[in-house]
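In the working numbering, the protein residues as written are 1 to 340.
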Amino acid sequence: MNIAILTAGGDSPGINAFVRSLYYICAKKGHTLYGIIRGWEGLIHGDYILITESDVKNIAFTGGSILKNSKVNPLKNEEHLDKIMLLINQLSIDTIIAVGSFDTHKIASSLNDYGIPIITIPQTIDNDICGTDFSLGFYSSVKNIVNAIETIRTTNESHERDILIETMGREAGWLTVFAALTTKVEGFYIPEMGEISVDLIIERFTQRRERGYSDNIVLISEGINCKEIKRDIVFDEIYSDIDLTGVTFTISDIIASKMYKKPKVVILSYIQRGGTPDVYDVVLADRFAFESVSLIEKKEKGLIIGCENGRVYPYPIKDAIKKRRVVTDYYLQLASMLID
1 MNIAILTAGG DSPGINAFVR SLYYICAKKG HTLYGIIRGW EGLIHGDYIL ITESDVKNIA
61 FTGGSILKNS KVNPLKNEEH LDKIMLLINQ LSIDTIIAVG SFDTHKIASS LNDYGIPIIT
121 IPQTIDNDIC GTDFSLGFYS SVKNIVNAIE TIRTTNESHE RDILIETMGR EAGWLTVFAA
181 LTTKVEGFYI PEMGEISVDL IIERFTQRRE RGYSDNIVLI SEGINCKEIK RDIVFDEIYS
241 DIDLTGVTFT ISDIIASKMY KKPKVVILSY IQRGGTPDVY DVVLADRFAF ESVSLIEKKE
301 KGLIIGCENG RVYPYPIKDA IKKRRVVTDY YLQLASMLID
């Protein structure tokens, strides 16, 4: 069989591990594997490679994607769909495996409806795809955040500052909560808490300092809903969206107008995406790759592969994109219990 793989949207540690595993499984089973360069953009423009062992043998513990990523929406132009079908026919592709985030799955579902056979893999540090406990790359991103917090903590013990650390996650606070579960922080605020006032953050810093603690770190999820802040709307290449990055600077300015000293702001940004995947994500990539090939051999399509309660299983892409998966009360309460 002829299989094509593409990686779209934002990247995360673990993509290359998946590509590697997929290649070796395909090779053992006699299947041909094509790599589409730059996601949906490469699919439109016919930019691809034939993946060989030399491409993948040493990439399991590398970050990023050897196939590159892009944010291009092939649904914007009907001519794009015709070009995609042309490439599929040219290479006799049986199925496309799309590895990506929430928007990637929305596009994949529409393309599958159009008649393009697709299997998808949940890969996003946001961990906001329904039907899977954890997306590929999530645990590795939490590791990066925790390492950054630990590094910042050492210098902050010397400078005795109040610090706001901004994490990614968009409308879901998974990264923030799991970082709070893993390492010592003095507070965290996520979208799932609903609308909050900056006064709550001020109160937290004040309480800590009154108790004699002068090196305080509070985590801010980029999608936090503060009543004092108005978001600026920008237009994403895939869908109209809201630019969430940098909200913590505004929060810091508001705090500075009410407190004796302005909190230091650290925006982790791409530090969260890059670097070496952890063992959990590499093994998860192996399991996703094996299940992908098994489904393709059964001529299944329109499915996403998830992992729930330790079990890898397929389910309809349409079920994964009905809504974004947000932090459950269990994890929110657990993390809150660990805050001193």
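We treat Cβ as the ideally placed atom computed from N, Cα and C, and that holds for glycine.
Exercise for review: Please classify Lys71: is it buried, with 16 or more other beta-carbons within 10 angstroms of its beta-carbon, or exposed?
Suggested key: buried
Exercise for review: For Ser141, decide whether its Cβ has a neighbour in chain C, counting only Cβ atoms nearer than 9 Å.
Suggested key: Among the chains of the structure shown, chain C does not appear; only one protein chain is present.
Exercise for review: Look at the alpha carbon of Ser12 and the alpha carbon of Tyr331, and state the distance between them as a whole number of angstroms.
Suggested key: 23 Å
Check your understanding: What is the DSSP secondary structure of Tyr400, counted as helix, strand or coil?
Key -> A query on residue 400 cannot be resolved here, the shown segment of the chain reaching from 1 to 340 and no further.
Check your understanding: Bridge partners of Lys264, per DSSP?
Key -> Ile163
Exercise for review: State yes or no: is the C-beta of Tyr270 within less than 9 Å of the C-beta of Glu291?
Suggested key: no
**Study point:** Burial state of Gly194 (16 or more Cβ within 10 Å)
**Key:** exposed
Point to revise | Where Glu157 falls, given that 16 or more other Cβ within 10 Å makes a residue buried | key: exposed
**Study point:** Backbone secondary structure at Ser221 - three-state DSSP
**Key:** strand
Point to revise | Gly169, buried or exposed, once every other Cβ within 10 Å from all chains shown has been counted against 16 | key: buried
Review point. Which term fits Asp340, buried or exposed, when burial requires 16 or more other beta carbons within 10 angstroms of its beta carbon?
Key: exposed
Point to revise | Spatial distance of Ser92 from Thr32 (CA atoms) | key: 10 Å
**Study point:** Alpha carbon of Lys261 to alpha carbon of Gln123, nearest angstrom
**Key:** 40 Å
Practice item. Could you tell me which uninterrupted beta strand (DSSP E) segments, each at least 3 residues in length, are contained entirely in the segment 12-73, listed from first to last along the chain? Key: 32-36, 48-50
**Study point:** Within 9 Å, strictly: CB atoms of Leu67 and Thr7
**Key:** yes
Point to revise | For Tyr280, the three-state DSSP class (helix, strand or coil) | key: helix
Practice item. Check the C-beta distance from Leu334 over to Ile317 and give it rounded, since I have them as a contact under 8 Å. Key: Actually they do not touch by this definition, with Cβ atoms about 30 Å apart.
Point to revise | Cβ neighbours of Ile36 in the same chain (closer than 6 Å, five flanking residues each side left out) | key: Ala4, Leu6, Gly42, Leu43, Tyr48
**Study point:** Span separating the alpha-carbon of Arg204 from that of Gly187
**Key:** 7 Å
Check your understanding: Terminal residues of the continuous beta strand (DSSP E) containing Thr120?
Key -> 118-122
Practice item. Report the option in Asp126, Ile25, Lys29 whose CA atom is closest to the CA atom of Gly9. Key: Asp126
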